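In my numbering, the protein residues as written are 3 to 253.
Presented below is the structure to which this report refers.
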Amino acid sequence: MPPLLKLNNIGKIFSTPQGREVSALEDVNIEVEDGEFISLIGPTGCGKTTLLRIIAGLETASAGEIAIQDNQTGASSPLCTLVFQQYSLFPWLNVIENTAFPLEMRGIPRRSRIKMAEEYLELVGLAGVENAKPYELSGGMQQRAAIARALAYDAKILLMDEPFGALDERTRHRLQDTLLEIWRKKKKTIIFVTHNIDEAVYLAGKIFIMASEPGRLVEDITISIPRPRNRLSEEFTNLHLKIRNFLEKAA
Ligand SMILES: Nc1ncnc2c1ncn2[C@@H]1O[C@H](COP(=O)(O)OP(=O)(O)OP(=O)(O)O)[C@@H](O)[C@H]1O
Ligand SMILES: [Mg+2]
Numbered sequence: 003m004p005p006l007l008k009l010n011n012i013g014k015i016f017s018t019p020q021g022r023e024v025s026a027l028e029d030v031n032i033e034v035e036d037g038e039f040i041s042l043i044g045p046t047g048c049g050k051t052t053l054l055r056i057i058a059g060l061e062t063a064s065a066g067e068i069a070i071q072d073n074q075t076g077a078s079s080p081l082c083t084l085v086f087q088q089y090s091l092f093p094w095l096n097v098i099e100n101t102a103f104p105l106e107m108r109g110i111p112r113r114s115r116i117k118m119a120e121e122y123l124e125l126v127g128l129a130g131v132e133n134a135k136p137y138e139l140s141g142g143m144q145q146r147a148a149i150a151r152a153l154a155y156d157a158k159i160l161l162m163d164e165p166f167g168a169l170d171e172r173t174r175h176r177l178q179d180t181l182l183e184i185w186r187k188k189k190k191t192i193i194f195v196t197h198n199i200d201e202a203v204y205l206a207g208k209i210f211i212m213a214s215e216p217g218r219l220v221e222d223i224t225i226s227i228p229r230p231r232n233r234l235s236e237e238f239t240n241l242h243l244k245i246r247n248f249l250e251k252a253a
């Protein structure tokens, strides 16, 4: 069977208003199997967000092809959804309305979409705050709501751009566990961008390490440590060190 997602020699050149050309991505080749948890890690400006935006169809590549095998997806459920670093909830809607919004877009009747939204909020640990407005929530809770809303799209592939970057370590660790549970239960495919080596090693089955100027892949590492992973174990800390060395070379 072909992979769920295949990127073939993807390149992206941006032209700045000053007429300079930036090679944001060069010759990126990635294959993602259905149900994989992939992490992209690399220095600032190496093209991580650009790559996610190309996969999501928000940006066109200047070179190469993308093949997505979508025969399992129904017409009403999209293939990809993107979760941003900033929570991007609608401030005028409460938590349950925010979560149910994609379901409304898909034409699901009110009663069913509220019920489904409640299920997603339960899954991310937000039962009980359905009627709160985003400004009444902490950053961690807003990020949970954004994840619930992304899940409500029921897309096959979740693209996550440093979704936990703004959170304190404890909240970040809790959300990592929540995300792993959702990934397992809902059988999602996840592409997760992070700056944080610990986060990548804790979450991913495979890590792609990127370098900048031009943005490119320099290494991929498969992680077979069983989950839940112990951050203090020797294999965890060894991997951490190995990736740090690659990143230092890549910077
Ligand atoms: N719309 C744009 N116009 C011009 N240049 C752009 C545009 N978007 C991104 N770039 C450039 O492309 C390169 C890659 O940017 P990108 O945002 O993908 O990096 P990133 O890896 O996500 O960085 P960070 O870790 O800081 O989020 C950078 O040099 C950036 O300045
Ligand atoms: Mg980025």
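Glycine residues also receive a C-beta, built at the ideal position from the N, C-alpha and C atoms.
Being a predicted model, the structure only gives us computed values, none of them experimental.
Using a threshold of 8 Å, state whether the C-beta atoms of V34 and R218 are closer than that.
no
Residue range of the beta strand (DSSP E) that R218 falls in?
218-224
DSSP three-state assignment for L161, whether helix, strand or coil:
strand
Can you tell me the Cβ-Cβ gap for I12 and I211, rounded? I've got them flagged as a contact below 8 Å.
With 8 Å as the limit, I12 and I211 do not qualify as a contact, their Cβ atoms being about 16 Å apart.
Span of the beta strand (DSSP E) holding F194?
191-196
How about K14: is its Cβ closer than 7 Å to a heavy atom in ligand 2?
no
I'd like to know whether the C-beta atoms of V85 and M162 end up nearer to each other than 8 Å.
yes
Does DSSP put L234 in a helix, a strand or coil?
coil
Residue burial classification, G49 (beta-carbon count within 10 angstroms, cutoff 16)
buried
Which residues end up in the neighbourhood of ligand 2 when you take C-beta atoms closer than 7 Å to any of its heavy atoms?
K50, T51, D163, E164, V195
Going by C-alpha distance, which of I57, L125, P136 is nearest K188?
L125
Distance cut-off 7 Å: G47 Cβ against heavy atoms of ligand 1:
yes
Taking 7 Å as the cut-off, is the CB of V24 close to at least one heavy atom of ligand 1?
yes
Separation of E106 from P5, as counted between CA atoms
31 Å
Would you mind listing the beta strand (DSSP E) stretches within the region 97-166 that are 3+ residues and don't spill past its ends, in chain order?
159-163
Should G66 be listed as close to ligand 1, given that the test is whether its C-beta is under 7 Å from any heavy atom?
no
Would you mind listing the alpha helix (DSSP H) stretches within the region 10-77 that are 4+ residues and don't spill past its ends, in chain order?
50-58
Can you give me the C-alpha to C-alpha distance between R246 and P45, rounded to a whole angstrom?
11 Å
Start and end of the beta strand (DSSP E) containing A213?
208-213
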